[in-house]
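As they're listed, the protein sequences go chains A and B. By the count of the working numbering, the first sequence reaches residue 239 at its end, each step adding exactly one. By the count of the working numbering, the second sequence reaches residue 112 at its end, each step adding exactly one. Even glycine gets a Cβ: it sits at the ideal position worked out from N, Cα and C. In what follows, a single structure is set out as structure tokens and then discussed.
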Amino acid sequence: MINSKYFFEGLQALKKFDSPAIALAASFIAIGALLKNIGFNIQQSFLSTFLTYALPGQLVMAESFFVGASLINIFISVWLVNARLYPMTVSLMPLLKEDSQPRWKYYLSCHFLAVSSWLIMKDRYEKIEQKHRIDFWIGIGTGTWATAIISTLAGYLLSDYLNKDMMIGLAIVNPIYFMCMMIGAMKSKDISASIILGAILGPLFFLVSPEWSILYGGILGGTIAFFVGGYR
Amino acid sequence: MSELSNNIILVILVTSFATYLSRFLGVVSSEKMDIRSKIFKWFNCIAYAILASLIARMIIFPAGELHESDIFVRIFVVILSIIVFLFTKKNLVYPTVLSAILLASLNNLI
């Protein structure tokens, strides 16, 4: 069903020098502590990372819940902040496609799609035979997802020992990890242009429309970069 | 208490549904997509640009705890971490661990 050789190879990504484990652990420890502080119990905190597994979305959920936003408002703001997952999925799944593989693997494993797993898979896919990519991906996904869940529980239990400065220290790890991974990914003209333009336009749009800034910055920056790259 | 607890479960389910929706629709849209097509390349550029937007926003206009640190201190830590990253043959452990310790200590001092 799932080729265990490739599954475990994917899982091993957690042990490599570019392992996402530290960044994931730091940010989900912070989420666990935050969820405890706003009144979630440990089962609910577990469930949140288990089912959602998307950091910005969980942050938005926590903030909206804290100010007593309605369910429909929570839905819209979470959808907006996590809408980035749509182009990320579209730009990854076709690379993993293989006709002999069952479809459920794709619909289930898309749950593992997050910035960390995406960046690693984008970096590695060419080295893996097309046929086995999906199993490798399920391995990476299982590892990163499990790391996030365990870290949420750890953060929940440790929250009394984490002071403000430590929480701030934990919160910077994730953007630093992502930024370094992105710099590492700048190997072609169109991708480098996408990254630079996105990084400039996102914060600029934030001044005009905080909620939509990431989508505006990404779509505009990506489209310009697509044409700059000569859309070969 | 049980009403609040039910409410929390609902909030979690709504958040998870809103999140899975984008992943699910992504798989649906990519069913027939050819990786050599222009539309695939366009989506690829958008995905990288969206991530860069998100990361830049997380550093310049952060939500949550990071908001309480000084922006210049954050940018200093970011630049230093990138230098460490480039000088350690793109090792990711050093810059990430360094950034946490550095920002927590600087924030404590200031």
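Reduced DSSP category for residue i - H, G, I as helix; E, B as strand; rest coil
i	result
S71 (chain B)	coil
W219 (chain A)	coil
L120 (chain A)	coil
K129 (chain A)	helix
Y113 (chain A)	helix
S26 (chain A)	coil
D142 (chain A)	helix
F47 (chain A)	coil
I62 (chain B)	helix
T151 (chain A)	helix
D167 (chain A)	helix
S199 (chain A)	helix
T90 (chain B)	coil
G176 (chain A)	helix
R25 (chain B)	helix
A90 (chain A)	coil
N10 (chain A)	coil
Whole-Å CB distance - residue i paired with residue j, under 8 Å assumed
i	j	result
N170 (chain A)	A33 (chain A)	N170 (chain A) to A33 (chain A), Cβ: 15 Å. No contact.
V97 (chain A)	G64 (chain A)	At roughly 18 Å, the Cβ-Cβ gap does not stay under 8 Å, so V97 (chain A) and G64 (chain A) are not in contact.
F74 (chain B)	P210 (chain A)	Not really, about 15 Å apart at Cβ, beyond 8 Å.
M188 (chain A)	L126 (chain A)	4 Å
A192 (chain A)	K129 (chain A)	7 Å
Spatial neighbours of residue i in its chain, beta-carbon cut-off 7 Å, leaving aside the 5 residues before and after
i	result
W152 (chain A)	Y60, F119
E16 (chain A)	F143, G146
S220 (chain A)	G209, F212, F213
A37 (chain A)	G162, M174, L177, A178
G28 (chain B)	none
Residue i to residue j span [Cα, whole Å]
i	j	result
L160 (chain A)	S7 (chain B)	18 Å
S123 (chain A)	I202 (chain A)	16 Å
E70 (chain A)	I207 (chain A)	26 Å
G228 (chain A)	A200 (chain A)	8 Å
G46 (chain A)	P27 (chain A)	29 Å
F82 (chain A)	T90 (chain B)	42 Å
I81 (chain B)	E105 (chain A)	41 Å
L41 (chain A)	Y163 (chain A)	8 Å
K34 (chain B)	L104 (chain B)	47 Å
I157 (chain A)	G224 (chain A)	33 Å
L68 (chain B)	R131 (chain A)	31 Å
C117 (chain A)	L111 (chain B)	43 Å
S71 (chain B)	S107 (chain B)	11 Å
Per-residue burial, residue i [other beta carbons within 10 Å of its own, 16 or more giving buried]
i	result
R76 (chain B)	buried
R38 (chain B)	exposed
K43 (chain A)	buried
Y168 (chain A)	exposed
E133 (chain A)	exposed
G75 (chain A)	exposed
R1 (chain B)	Absent from the structure is residue 1 (chain B), since the part of chain B shown begins at 3 and ends at 112.
Proximity test, Cβ basis, 7 Å: residue i and chain C
i	result
T154 (chain A)	No chain C is present in this structure, whose protein chains are A and B.
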